[in-house]
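Residue numbers for the sequence shown follow this note's numbering, beginning at 53 and rising by one.
Remarks on the structure that follows.
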Amino acid sequence: MEVESMRNTRLPLIAAAAIAVVALFLLLRPDDPEPAADAVPSATVATTAATTTTQQQTTTAAATTRAQTTTAVTTRPRPRRGPSAARVTVVVLGGRVQGGIRRASVRRNRDVVLVVRSDVADEVHLHGYDLSRDVAPGRPVRLLFRATITGRFEVELEERGLPIAELEVRP
53 MEVESMRNTR LPLIAAAAIA VVALFLLLRP DDPEPAADAV PSATVATTAA
103 TTTTQQQTTT AAATTRAQTT TAVTTRPRPR RGPSAARVTV VVLGGRVQGG
153 IRRASVRRNR DVVLVVRSDV ADEVHLHGYD LSRDVAPGRP VRLLFRATIT
203 GRFEVELEER GLPIAELEVR P
């Protein structure tokens, strides 16, 4: 009787520990590194859906039962700032790119931070990734993204049609 009592108290403890681990994971996982203005638009993020199946075994004194759970998991690349991110900075003064068109080359799947400072109001547009943000004097733009598409991509001030940078993404 005492052994059965220990088994009956052990199961709720295991369940409580599992719930605590999940709660800690959700609380301590890293957040997006940028505010909403710098977030990667959902339309430009590669999203893959996978279905995972897990089997949970519950052992009781009487019998063993198996429960099968199916969960849909959605993943997306989460770009990160920091030393691993390639930083490309462009300065536009008087409607001209300082130092000429900025050229940068990165490997595929590398995180990129594109910073544009301008003394003219316009829209910064990264072709191929279809990312764009408004830039204005005193309001620099920071585009944070993961370089998942290989090729050469122009960055321009959209309204002026002014190329300001060229990004090459290598395999």
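The beta-carbon is built from N, C-alpha and C at its ideal position, and this holds for glycine as well.
- Across the structure, Ala68 and Ala217 are spaced so that their CA atoms are roughly 54 Å apart.
- One alpha carbon belongs to Gly151, the other to Ile71, and they sit about 56 Å apart.
- CA-CA distance, Thr141 to Pro223, rounds to 23 Å.
- Contact between the segment 199 to 216 and the segment 154 to 171 is present: three or more C-beta pairs spanning the two stretches fall below 8 Å.
- In the DSSP assignment, Thr200 falls outside any beta strand (DSSP E) and carries neither an H nor an E.
- Under the criterion of beta carbons closer than 8 Å, Ala188 and Val165 do not qualify as touching, at roughly 19 Å.
- Only exposed fits Ala173, as fewer than 16 other CB atoms lie within 10 angstroms of its CB.
- Cβ-Cβ distances below 6 Å link Asp171 to Leu145 and Pro189 in the same chain, with the five nearest sequence neighbours on each side left out; the list follows chain order.
- Its chain contains Ile201, Gly203 and Phe205 as the residues whose beta carbon lies nearer than 7 Å to that of Gly180, once the 5 sequence neighbours on both sides are disregarded; these appear in chain order.
- Using a Cβ distance threshold of 9 Å, Val207 and Val176 count as a contacting pair.
- As a beta-bridge residue in DSSP terms, Ala188 pairs with Arg191.
- The C-beta distance from Arg139 to Val167 rounds to 7 Å, short enough to meet the 8 Å contact threshold.
- Going by DSSP, Asp163 is part of the beta strand (DSSP E) stretching over Arg162 to Ser170.
- The three-state secondary structure of Pro215, taken from DSSP, is strand.
- The beta-bridge partner set that DSSP reports for Asp182 is empty.
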